[in-house]
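Accompanying notes for the structure given below.
Have a look at this one:
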């Protein structure tokens, strides 16, 4: 609407004046976006072309090897990543959604402690991931004696993505119109009945989408796990949450650090696998959003 | 239903309804869940403080902050954090120099120029950029960008294999979506009436964007930039892969350098014994990093709140 206004060729002094700066400015803006898009294309094609020669069954049938790049695979890392997705989801989704419900549906925003919780969530979202690694190392692995295990890693990553889950779940809850709540309350439902039977079901697609995106952040994350023992070469699949583990980003990091070019090819192939897992998760998220999201 | 009917037959009851213990229990549970995030902050501080204090029992705060050599794991050890700080600053400056112009231009385009259709194509692309794992960016910097820079270096000595420049450039691209989406939010909350006013006074689109929308969204844009700096300072994997592991007191981005995060990652990998003094160095550097990013996040949150208060 308003966008068309300035281009409107009105009669009078505006007519016929050439404004070379206008298209130039627009061009510069568009060029910046194109730089970003091109960067993405180059990055993805580089990784894909580098890794394509090594994208075969060895990658998921074999275990990592430091000595024989031609025999090395990433099975333990792929299994570890899948475990991490499951465990992290198990820990952070209930806590995150409950926090979001508390802040959106119950908390009185004027109270100092509720404001503190809110500010705290916002601040946590900006804490560098390596600091969560320090938390995991100092408190979870060493302090609570969980050790450098799959459980410690999943707990640490849960805390890392918790603010993301909370913020996206709050947005989903906020998108449910107040009239739904008022109608439910007016019919005699209690606050919890209103939340559980009206608000929450309506917000589930949004919450699910946000949660999947948060989990995909967790599986791409490597920095905190460097402090939590994921660095050693793991040649077995974790069977238990108290086992040692490795995950794809860490395995990729290990291979990048090797001097041989074969390991770099291997790293590219593993990156392709990691990106495919992320793509699958994101597609599910987008599908959920488009399929179930209600327009009020 | 019947109960309600009979009650209303006895006259409207304005008394306090019977207490619903279930509701209170649920509210308490929800509150308890939200305390997990508070406990996380407490946990971060609690994990940082004791080892940091142990560190400063032996090393003076002033020596730590102004010392020009950092080699805690070698003999003789030196505990001056400045080389890590200069590396962090060098890489952050490069990353911001890339991310802010591109991100801001992208935001202006998306918010003021793009048709809904272009927006719906370009925004997801930016989101993909934000979703790529950072270790992938590090790999790209090390094995694509650095060789490219080395082959086509126009003047003087080409960059080393590990260098701050490619880490910074790639990190800048990684942060573009952060800057773009936060600035675009800020611009979107500038009321249409301001734009219409500018057009009515004869402004062109460019002048409206530059002289009306940008200043009106300034606090949000500053918040985006501050958050971007905080992300650059806290980013670990790119620098751990591409910038090198050598503490190096330099502002020359062509040399290998180790950032604060890079040191934490490298030392943390080694599984240092808890009782050792070396173990505490991780936490001392971590404390510095946490305080720096905490301060920046706080400023950023405050600024966002400010523009929300003005326009929403």
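Protein chains in written order, with full-length UniProt numbering: chain C, 1 to 296; chain R, 1 to 312.
Quick reminder that beta carbons are idealized off the backbone N, C-alpha and C, glycines included.
Bridge-paired residues (DSSP) for residue i
i, result
"residue 79(R)", "70(R)"
Cβ neighbour criterion (16 or more within 10 Å) applied to residue i
i, result
"residue 73(C)", "buried"
"residue 57(C)", "exposed"
"residue 41(C)", "exposed"
"residue 66(R)", "exposed"
"residue 182(C)", "exposed"
"residue 102(R)", "buried"
"residue 90(C)", "exposed"
"residue 177(C)", "exposed"
"residue 156(C)", "buried"
"residue 2(R)", "Because the pLDDT of residue 2(R) is 43, which lies under 50, any placement of that residue in the model is unreliable, and the number read from its coordinates should be weighed accordingly. It is exposed - the Cβ of residue 2(R) has fewer than 16 other Cβ atoms within 10 Å."
"residue 236(C)", "exposed"
"residue 298(C)", "Lying outside 1 to 296, the shown extent of chain C, residue 298(C) is not represented and no answer is given."
"residue 290(C)", "exposed"
"residue 74(R)", "exposed"
"residue 129(C)", "buried"
"residue 66(C)", "exposed"
"residue 12(C)", "In this prediction, residue 12(C) scores a pLDDT of 43, lower than 50, which makes its location untrustworthy; no coordinate-derived value is stated."
"residue 315(C)", "The requested residue 315(C) does not occur in the structure, where chain C is confined to residues 1 to 296."
"residue 240(C)", "exposed"
"residue 213(R)", "buried"
"residue 284(R)", "buried"
"residue 259(R)", "buried"
"residue 197(R)", "exposed"
"residue 28(R)", "exposed"
Spatial neighbours of residue i in its chain, beta-carbon cut-off 7 angstroms, leaving aside the 5 residues before and after
i, result
"residue 249(R)", "68, 82, 83, 86"
"residue 223(R)", "182, 300, 303, 304"
"residue 69(C)", "260, 262, 263, 266"
Neighbourhood of residue i by C-beta, 8 angstroms cutoff - its chain only, sequence neighbours within 5 removed
i, result
"residue 193(C)", "184"
"residue 256(C)", "263, 264, 267"
"residue 138(R)", "167, 170, 237, 238, 239, 240, 241, 242"
"residue 78(R)", "67, 69, 70, 71, 72"
"residue 60(C)", "73, 74, 75, 78, 273"
"residue 276(C)", "none"
Chain C contact residues for residue i, given Cβ-Cβ distances below 7 angstroms
i, result
"residue 297(R)", "123, 126"
"residue 189(R)", "Going along chain C, no residue has its Cβ under 7 angstroms from residue 189(R), so there is no contact; the nearest lies around 15 angstroms."
"residue 126(R)", "36"
"residue 277(R)", "In chain order: nothing, as chain C lies at least about 16 angstroms away."
"residue 206(R)", "21, 22, 25"
"residue 307(R)", "Per Cβ cutoff of 7 angstroms: no residues; residue 307(R) is ~15 angstroms from chain C at best."
"residue 293(R)", "126, 127, 128"
Partners in chain C for residue i, counting only beta-carbon separations shorter than 8 angstroms
i, result
"residue 271(R)", "148, 229"
"residue 106(R)", "29, 32, 33, 36"
"residue 109(R)", "26, 29, 30, 32, 33"
"residue 29(R)", "98"
"residue 257(R)", "Under the 8 angstroms cutoff, chain C gives no residues; its nearest Cβ is about 17 angstroms from residue 257(R)."
"residue 261(R)", "128, 130, 223"
"residue 176(R)", "36"
Rounded Cβ spacing between residue i and residue j (contact assumed at less than 8 angstroms)
i, j, result
"residue 203(C)", "residue 172(C)", "4 angstroms"
"residue 256(R)", "residue 244(R)", "3 angstroms"
"residue 127(C)", "residue 134(R)", "In fact, because the Cβ distance is near 15 angstroms, the residues do not count as touching under 8 angstroms."
"residue 33(C)", "residue 106(R)", "5 angstroms"
"residue 96(C)", "residue 169(C)", "6 angstroms"
"residue 279(R)", "residue 51(R)", "7 angstroms"
"residue 303(C)", "residue 121(C)", "The structure shown does not extend to residue 303(C), since chain C spans only 1 to 296, so no value can be given for it."
"residue 161(C)", "residue 214(C)", "4 angstroms"
"residue 150(C)", "residue 245(C)", "4 angstroms"
"residue 48(R)", "residue 290(R)", "6 angstroms"
"residue 26(C)", "residue 113(R)", "6 angstroms"
"residue 233(R)", "residue 41(R)", "With a Cβ gap of about 19 angstroms, residue 233(R) and residue 41(R) do not count as contacting."
Where residue i meets chain C, residues with beta-carbon distance less than 9 angstroms
i, result
"residue 171(R)", "What residue 171(R) touches in chain C: nothing, since even the nearest Cβ is about 12 angstroms away."
"residue 90(R)", "Chain C residues near residue 90(R): none, gap ~18 angstroms exceeds 9 angstroms."
Contact list for residue i against chain D, beta-carbon separation under 8 angstroms
i, result
"residue 41(R)", "No chain D appears in this structure, whose protein chains are C and R."
Contacting residues, own chain, Cβ-Cβ under 6 angstroms from residue i (five flanking each side not counted)
i, result
"residue 302(R)", "none"
"residue 281(C)", "212, 216"
"residue 230(R)", "293, 296, 297"
"residue 81(C)", "219, 247, 248"
"residue 92(C)", "158, 161, 162, 165"
"residue 263(R)", "84, 285"
"residue 106(C)", "none"
Chain R contact residues for residue i, given Cβ-Cβ distances below 7 angstroms
i, result
"residue 190(C)", "20, 23"
"residue 216(C)", "131"
Contacts of residue i in chain R (Cβ-Cβ under 8 angstroms)
i, result
"residue 297(C)", "Here chain C comprises residues numbered 1 to 296, so residue 297(C) is not present and cannot be evaluated."
"residue 102(C)", "27, 30, 31, 33, 34"
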